[in-house]
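K.L.:
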Amino acid sequence: MGAKFLVLAACRSLLLVLSLWFFVRSLRLVLLSVFLCSFLAIVLSDDHKPDRSDERERIENAGGVVTFSGTWRVGGVLAMSRAFGDRLLKPFVVAEPEIQEQEIDDELEYLILASDGLWDVVSNEHAVAFVKEEVGSEAAARKLTEIAFTRGSTDNITCIVVEFHRAK
Numbered sequence: 001m002g003a004k005f006l007v008l009a010a011c012r013s014l015l016l017v018l019s020l021w022f023f024v025r026s027l028r029l030v031l032l033s034v035f036l037c038s039f040l041a042i043v044l045s046d047d048h049k050p051d052r053s054d055e056r057e058r059i060e061n062a063g064g065v066v067t068f069s070g071t072w073r074v075g076g077v078l079a080m081s082r083a084f085g086d087r088l089l090k091p092f093v094v095a096e097p098e099i100q101e102q103e104i105d106d107e108l109e110y111l112i113l114a115s116d117g118l119w120d121v122v123s124n125e126h127a128v129a130f131v132k133e134e135v136g137s138e139a140a141a142r143k144l145t146e147i148a149f150t151r152g153s154t155d156n157i158t159c160i161v162v163e164f165h166r167a168k
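Once you know that position 80 of the sequence shown is 80 in the UniProt record's numbering, the rest is easy, because the numbers rise by one and skip nothing.
(1) Output the boundary residues of the beta strand (DSSP E) element that contains S115.
(2) Which residue comes first and which comes last in the beta strand (DSSP E) that contains T67?
(3) Taking the straight line between their C-alpha atoms, what separation do you get for S45 and T158?
(4) For D51, which option in G64, A79, L144, I99 has the closest C-alpha, if you only look at C-alpha atoms?
(5) Please state the DSSP three-state secondary structure of F130.
(6) In or out: V65 buried (at least 16 other Cβ within 10 Å) or exposed?
(7) How should T145 be labelled, buried or exposed, when 16 other C-beta atoms within 10 angstroms of its C-beta is the threshold for buried?
(8) Where E98 and E55 are concerned, what is the direct C-alpha to C-alpha distance, given to the nearest angstrom?
(9) Are the CB atoms of S153 and D120 nearer to each other than 8 Å?
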């Protein structure tokens with residue numbers, strides 16, 4: 001069990017995202033942007049999993065092994081490639097966050113922050129479509145968690161939707 005931390009820092013027109021796992025949970029941050037009259041999902045955090053080619057290469061270069069046992073695992077044990085607190089795999093499972101930047105412009109409408117209980121059963125694009133159908137960020141978050149539950153998610157389902165308000 002565990003969690004992932006995601007730090008969001010908005011500074012003027014820039015959104016900084018720092019992401020790192022605490023053991024085994026995954027959070028993903030998706031922005032909803034209006035682009036040429038259509039809605040676009042912009043993924044701002046990536047899942048730290050050992051099946052990512054860059055993560056696998058980093059682990060193997062450090063002397064670690066990535067194997068498949070139901071899912072890709074570091075040392076045959078851990079299903080994530082970055083985390084806090086794993087003493088045995090520390091040389092391979094680093095506690096260094098990934099940092100991404102996104103310019104905040106008038107095209108951005110919503111931010112969706114959700115756990116893998118949602119993302120395992122709802123795609124980024126479908127989440128964006130569902131958010132656009134709802135009135136208000138709280139209703140949108142509630143709707144997304146209900147959809148994940150009805151689609152059979154077996155994991156914890158956490159969802160936060162933030163609406164960007166602009167001066168008119």
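No residue lacks a Cβ here, since even glycine has one placed at the ideal position from N, Cα and C. A quick note: this is a predicted structure, and the numbers were derived from the prediction, not measured.
P.N.:
Working from what's here:
(1) Stepping through the sequence shown from its first residue, residue 115 is reached at position 115. Element bounds for S115: 108 to 115.
(2) In the sequence shown, residue 67 corresponds to position 67, counting from 1. Its beta strand (DSSP E) spans residues 66 to 68.
(3) For the purposes of this step, residue 45 is identified with residue 45 of the sequence shown, where counting begins at 1. For the purposes of this step, residue 158 is identified with residue 158 of the sequence shown, where counting begins at 1. Using only the alpha carbons, I get a separation of about 16 Å.
(4) The residue you call residue 51 lines up with position 51 of the sequence shown. Of the candidates G64, A79, L144, I99, the one whose C-alpha sits nearest the C-alpha of D51 is A79.
(5) Counting from 1 along the sequence shown, the entry for residue 130 is found at position 130. Looking at F130 - three-state DSSP - the assignment turns out to be helix.
(6) Working through the sequence shown from its first residue, we reach residue 65 at position 65. Exposed, by the Cβ-count rule.
(7) Walking along the sequence shown from the start, residue 145 turns up at place 145. Buried.
(8) Walking along the sequence shown from the start, residue 98 turns up at place 98. Walking along the sequence shown from the start, residue 55 turns up at place 55. Distance between the alpha carbons of E98 and E55 is about 11 Å.
(9) As a first step, residue 153 must be located in the sequence shown, where it is residue number 153. As a first step, residue 120 must be located in the sequence shown, where it is residue number 120. Yes, Cβ-Cβ distance for S153 and D120 is below 8 Å.
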